[in-house]
Amino acid sequence: MDFEHFGHKLYSIVSQNKNNQNVFLSPASIALAMSMCTVGARKETLDQMLHVLDASSIDDLTKTAEKIMHVFSIADHDKQVQLKLANRLYAQKAYKIQPNYLSL
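14 is the number that the working numbering gives to position 32 of the sequence shown; each next residue is one higher, with no gaps.
See below:
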């Protein structure tokens, strides 16, 4: 996954038509949350998500997510930096989630 390219592309899309307005977002959080969703995606949905994330496979996303989390863990040990990151997915109660996804 080309994380930098994803961040630039995301920002350019979100900031369109926002003349003189501030835009604040976290490409890392969005990419990590989308990566979490790809584990349960199949077929066209998975292909579309991989395309948007500029990733070749779920393994590619996993490696990138591990790198991102490593950077955050380094920052966590720096007493001058306070950085918190949390991602969580919620599903409708009636929606059946695959057991292998829940075991991750």
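Even for Gly, the Cβ is constructed at its ideal location relative to N, Cα and C.
Judged by pairs of C-beta atoms under 8 angstroms, the region -9 to 1 does not touch the region 48 to 60, as fewer than three such pairs exist.
Straight through space, the alpha carbons of residue 66 and residue 25 are spaced by roughly 33 angstroms.
Counting C-beta atoms within 10 angstroms of its own C-beta, residue 46 has 16 or more neighbours from the protein chains shown and is therefore classed as buried. When DSSP states are grouped into helix, strand and coil, residue 30 belongs to the helix group. Counting C-beta atoms within 10 angstroms of its own C-beta, residue 20 has 16 or more neighbours from the protein chains shown and is therefore classed as buried.
Relative to residue 15, the option among 31, 6 and 4 whose CA is nearest is 31. Residue 22 and residue 74 do not touch by the CB rule: their CB atoms are close to 13 angstroms apart, not below 8 angstroms. Leaving aside the five residues that flank residue -13 on each side, the residues in its chain whose CB is nearer than 8 angstroms to its CB run, in chain order, 36.
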